[in-house]
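Some notes on the structure that comes next.
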Amino acid sequence: MNDADKKRLLKEMIFFRRFEDRTFEAYMERKIGGFLHLYSGQEAVATGVLEKAMLGKGTDNDYVITGYRDHVHALKAGAPAREVMAELYGKETGSSRGRGGSMHIFDPSVNFMGGYALVGQPFPLAAGLAMGCKHKGTKQIAICFLGDGANNQGTFHETMNMAKVWNLPVLFVCENNGYAIGTHIDRSTAVKDQYKRVCAYDMQASQHDGMDIEIVMEAAEQAIDFVRSGKGPYFIEFMTYRFRGHSMSDAKGYRTREEEIEWEKRDPIRVFSKRLIEQGLLTEDDIKTMEREIDDEMENDIIKFAEESPEPKVEDLNKFVLDDNPDPRWIGPLQQ
Amino acid sequence: MAEIAYWEAIRRAHDEEMANNRMVIAMGEDIGVAGGTYKATLGLYDKYGEERVIDTPISENSYTGIGIGASMVGVRPIIEIMSINFALLALDTLVNAAAKIRYMSGGRAQCPIVMRTPGGTAHQLAAQHSARLARMFMSTSGLRVVTPRGPIDAYGMLKSAVRCNDPVIIIEHEQMYNLKEEVPDEEFFRPLEGAEIVREGSDITLIGYNFSVHLCLEAAKRLEADGINAEVLDLRVLKPLDRETIRKSVEKTHRVLIAEEDEAPVGVGAEIMALINEDCFFALDAQPVRIHAADVPVPYNARLEKAAIPSADDVYQGALKVMGKI
């Protein structure tokens, strides 16, 4: 990785952290409603994995799909930050035209195929995206990000089996943050190392530190090469931690402050900043400048866009339920 | 024009649509090498190969989900669920995903899947193979639900469903797969919207869908012998309902009976009655009657099973009641 890329990736991660913090503030101001699940602490995973995916090619990108903690995956996949923020504000200019909200960011123009609130549901959808890639005969792959909690759904086992049987080009990224909502993995899951669970399906798998973006990128590159070369699915597990609660209503009573402090020492932004400073690529002041630039963009462009955008019209309530321009040859009406 | 069975009509639609567009695939349990439990894909595995006629493991929720994911990127999957009871296992991907993805993406993504499944009682298959469940799918926003009553609709609606951009649930019936009808040899499509008057009449409207249309037709014949001229309306489509055709028929006959094989509570008949109340209450000359299944899990014992499920005689008796003859 060259120096410019290192600096860019650090700035991206700081941006993602700031984006999430800013949504928290907007939520407290009641400008964002519903549920809000923040990604702070796990930035190295989405940033590092997707840095190695095929991106920047619009609908020729790799397909990306995830659960409800989806803002950062969407942003890294290429969804414009203005539109993601506008979606959280419920605006017509939002990624999902204000119909989805925080948990359902979609941007098919960059092959970000959605955030889903049913835990484990993206497993089969991802395998389906991969089946589509295979069927179309492209070199694209599908990348599915989910947490360790999702692995206790039936869809995990059903999909791992079919992905392997049909040799689908899908990368399953397990972001193991140790908690299924508020239940620790030791109390919910018989096998602690998640990557071992797919051995039952004879699937390639590995486990890595998810708090160090360089480790993430190196591991992701190998896994993505494996999948793209047609060797079949791959399950990659990253050990990580979410710094905030499961959602806004989470008081985090299920974990200790000591545990949080230990993980905060491994904050992916702190780890990477320190390394780049030690390597002489950046100074503390450079990072402060980055943060100021990000704050400026956040307030004067992204938040401004979200706040000033129009809401959906009530007369459009019934739009998007079914195809709004159906072909009468298939739909009718029936001639009596 | 040749007389073909319902299953042959479905098979022909698969074959033509798969020949027409290589993005059309079929998937389900035992549909490939075995040719399908009801032969709906017989011979297609040999013709189109294992990548397009896919034998799935017994994992209804996830193979349906895989079909949905594939449909989001241009594949047109025809997903067979061997019995509608098993579709309950796939409700998460059907109801929480397929039905909602277009809406919650603000129209930016779509799931053009077809899910075919037989719903209904056959012969002593007992409670876990006899569900009907049409009412459950018809109450889900974002789905289309159709119920072909015979080979012409089974063929023409499947072809339309494959080409339509919405998720379409096709509810078939175990007792109809061998039902025969003259079907034109040339290609045609049947629309996914619109009820159909399958027998013109003036004294009473008998409303059915799926297998119950046949009960209505049989009852209509008997009513004719009594001098009662019954109109039979096949709903054909449970979502969206064609309230206009229902209204016109009721305004003509002023009397109505709804026959469904499902249980009554919160059912198809209840919904049709509500629409009639809203649309043509003052056209009614008599209270509408519902003929429906008993509110019990379907029993195994043949006598009990028969008692649980509506028959043509039940429809006939019900019609006499509407007519004030009993």
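Chains A and B supply the protein sequences, listed in that same order. Read in the numbering used here, the first sequence has 62 at position 62, and its numbers run on one by one without any break. Read in the numbering used here, the second sequence has 1032 at position 32, and its numbers run on one by one without any break. All residues carry an ideal CB built from backbone N, CA and C; glycine is no exception.
Could you name the residues of the stretch 1268–1286 of chain B whose beta carbon sits closer than 9 Å to any beta carbon of chain A, in the order they occur along the chain? none
Quick check on this structure: which residue in A:A4, A:Y89, A:P108, A:F19 has the alpha carbon closest to the alpha carbon of A:G350? Nothing can be reported for residue 350 of chain A: it is not among the residues displayed for chain A, which extend from 1 to 336.
Can you find at least 3 beta carbon pairs, one from the stretch 1265–1285 of chain B and one from the stretch 1221–1230 of chain B, that sit closer than 8 Å? no
Along chain B, in chain order, which residues have C-beta atoms closer than 9 Å to that of A:K136? Locating residue 136 of chain A in the first sequence gives position 136, where the first residue counts as 1. Going along chain B in sequence order, the residues near A:K136 (Cβ under 9 Å) are M1023, V1073, G1074, V1075.
Report the three-state DSSP secondary structure of A:P108 (helix, strand or coil). Taking the first sequence and counting its residues from 1, one reaches residue 108 of chain A at position 108. Three-state DSSP puts A:P108 in a helix.
Bridge partner(s) assigned by DSSP for A:H184: Indexing the first sequence from 1 puts residue 184 of chain A at position 184. DSSP, once it has assigned bridges, lists A:Y179 as partnering A:H184.
Alpha carbon to alpha carbon, how far is B:R1132 from B:P1299? Give it in angstroms, no decimals. Here residue 1299 of chain B refers to the residue found at position 299 of the second sequence. Here residue 1132 of chain B refers to the residue found at position 132 of the second sequence. About 14 Å.
Against chain A: residues of the stretch 1105–1120 of chain B by CB proximity under 9 Å: S1105, G1106, G1107, R1108, A1109, Q1110, P1112
Please report the residue range of the alpha helix (DSSP H) in which B:V1033 lies. Here residue 1033 of chain B is taken as the residue at index 33 of the second sequence, counted from 1. From DSSP, B:V1033 is part of no alpha helix (DSSP H); its letter is neither H nor E.
So, is A:D324 buried or exposed, given that buried needs 16 or more other C-beta atoms within 10 angstroms? The residue you call residue 324 of chain A lines up with position 324 of the first sequence. Exposed.
Coil, strand or helix - A:Q204 by DSSP: Within the first sequence, the letter at position 204 stands for residue 204 of chain A. Three-state result, A:Q204: strand.
Starting from the beta carbon of B:T1041, find every residue of chain A whose beta carbon is closer than 9 Å, and list them in chain order. One-based indexing of the second sequence puts residue 1041 of chain B at position 41. Chain A residues near B:T1041: none, gap ~18 Å exceeds 9 Å.
Under 8 Å by Cβ, that's how I've got A:D202 and A:K164 pegged, so tell me the actual separation to the nearest angstrom. Numbered from its first residue, the first sequence carries residue 202 of chain A at position 202. Numbered from its first residue, the first sequence carries residue 164 of chain A at position 164. Confirmed, Cβ separation roughly 6 Å.
Measure the alpha-carbon distance for A:G58 versus A:E259 and round it to whole angstroms. Start at 1 with the first residue of the first sequence, and residue 58 of chain A comes out as number 58. Start at 1 with the first residue of the first sequence, and residue 259 of chain A comes out as number 259. In a straight line, the C-alpha of A:G58 is about 41 Å away from that of A:E259.
Going along the chain, which residues of the stretch 149–163 of chain A sit with their C-beta nearer than 7 Å to a C-beta in chain B? G154, T155, E158, T159, N161, M162
Please report the straight-line C-alpha distance between A:K319 and B:M1018, rounded to a whole angstrom. For the purposes of this step, residue 319 of chain A is taken as the residue at position 319 of the first sequence. For the purposes of this step, residue 1018 of chain B is taken as the residue at position 18 of the second sequence. If you take the alpha carbons of A:K319 and B:M1018, they lie about 31 Å apart.
Cutoff 8 Å: B:R1012 Cβ touching any chain A Cβ: The residue labelled residue 1012 of chain B in the question sits at position 12 within the second sequence. Judged by the 8 Å Cβ criterion, B:R1012 is not in contact with chain A.
Nearest to A:T47 (by Cα), restricted to the options A:R30, A:V271, A:R255, A:E214: Here residue 47 of chain A is taken as the residue at index 47 of the first sequence, counted from 1. Among A:R30, A:V271, A:R255, A:E214, the Cα nearest to that of A:T47 belongs to A:E214.
Rounded C-alpha distance that separates A:D209 from A:P233: Looking up residue 209 of chain A in the first sequence gives position 209. Looking up residue 233 of chain A in the first sequence gives position 233. Rounded to whole angstroms, A:D209 to A:P233 spans 21 Å at the Cα level.
Sheet register partners of A:Y234 (DSSP bridge): On the first sequence, residue 234 of chain A is found 234 positions in, with the first residue counted as 1. Partner(s): A:L171, A:Q204.
Less than 8 Å between the C-beta atoms of A:N177 and A:D212, yes or no? Along the first sequence, read from residue 1 onward, the residue named residue 177 of chain A stands at position 177. Along the first sequence, read from residue 1 onward, the residue named residue 212 of chain A stands at position 212. No, they are not a contact pair.
Between the beta-carbon of A:V72 and the beta-carbon of A:Y39, is there less than 8 Å? By one-based count along the first sequence, residue 72 of chain A stands at place 72. By one-based count along the first sequence, residue 39 of chain A stands at place 39. Result yes, Cβ atoms of A:V72 and A:Y39 sit closer than 8 Å.
A:C144 bridges to which residues according to DSSP? Counted from its first residue, the first sequence places residue 144 of chain A at position 144. In DSSP, A:C144 forms a bridge with A:I65, A:F172.
If you measure between the beta carbons of B:G1324 and B:V1289, is that distance less than 8 Å? Position 324 of the second sequence, counting from 1, holds the residue named residue 1324 of chain B. Position 289 of the second sequence, counting from 1, holds the residue named residue 1289 of chain B. For the 8 Å CB-CB criterion, B:G1324 and B:V1289 do not form a contact.
Can a CB atom of chain B be found closer than 8 Å to the CB of A:M85? Start at 1 with the first residue of the first sequence, and residue 85 of chain A comes out as number 85. Cβ-Cβ to chain B under 8 Å: no for A:M85.
In three-state terms, what does DSSP make of A:T47? Taking the first residue of the first sequence as 1, we reach residue 47 of chain A at position 47. A:T47 falls in the helix class under three-state DSSP.
Closest to B:A1013 by C-alpha separation, out of B:V1162, B:D1203, B:E1060, would be which residue? Position 13 of the second sequence, counted from the start, is the residue given in the question as residue 1013 of chain B. Of the candidates B:V1162, B:D1203, B:E1060, the one whose C-alpha sits nearest the C-alpha of B:A1013 is B:V1162.
Name, please, each residue of chain E whose Cβ falls closer than 7 Å to the Cβ of B:G1194. As a matter of chain content, chain E is missing from the structure shown, whose protein chains are A and B.
From B:P1118 to A:R97, what does the alpha carbon distance come to, in whole angstroms? Sequence index remark: in the second sequence, residue 1118 of chain B carries index 118 (1-based). Sequence index remark: in the first sequence, residue 97 of chain A carries index 97 (1-based). Here the alpha carbons of A:R97 and B:P1118 stand approximately 37 Å from one another.
Residues of its chain near B:Q1128, where Cβ-Cβ distance is below 7 Å and the 5 sequence neighbours each way are ignored: If you number the second sequence from 1, residue 1128 of chain B lands on position 128. Closer than 7 Å at the Cβ level, and outside the excluded window around B:Q1128, lie N1085.
Could you check how far apart the C-beta atoms of B:E1353 and B:I1197 are, in whole angstroms? I think they sit under 8 Å. The displayed coordinates of chain B run from 1001 to 1326. Any statement about residue 1353 of chain B would go beyond what the structure contains.
By how many angstroms is the C-alpha of B:K1047 removed from the C-alpha of B:G1032? Numbered from 1 along the second sequence, position 32 holds the residue referred to as residue 1032 of chain B. Numbered from 1 along the second sequence, position 47 holds the residue referred to as residue 1047 of chain B. Looking at the backbone, the Cα of B:G1032 and that of B:K1047 are separated by about 10 Å.
Opposing strand residues paired with B:E1263 [DSSP bridges]: To locate residue 1263 of chain B, count along the second sequence from 1; it is residue 263. Answer is B:A1293.
Beta-carbon proximity check, A:A79 vs A:D107, cutoff 8 Å: Position 79 of the first sequence holds residue 79 of chain A. Position 107 of the first sequence holds residue 107 of chain A. Going by C-beta atoms, A:A79 is nearer than 8 Å to A:D107.
Buried or exposed (CB count within 10 angstroms, at least 16 for buried), B:F1188: Taking the second sequence and counting its residues from 1, one reaches residue 1188 of chain B at position 188. With fewer than 16 other Cβ atoms within 10 Å, it is exposed.
To the nearest angstrom, how far is it from the Cα of B:A1293 to the Cα of B:D1185? Along the second sequence, read from residue 1 onward, the residue named residue 1293 of chain B stands at position 293. Along the second sequence, read from residue 1 onward, the residue named residue 1185 of chain B stands at position 185. Distance between the alpha carbons of B:A1293 and B:D1185: 37 Å.
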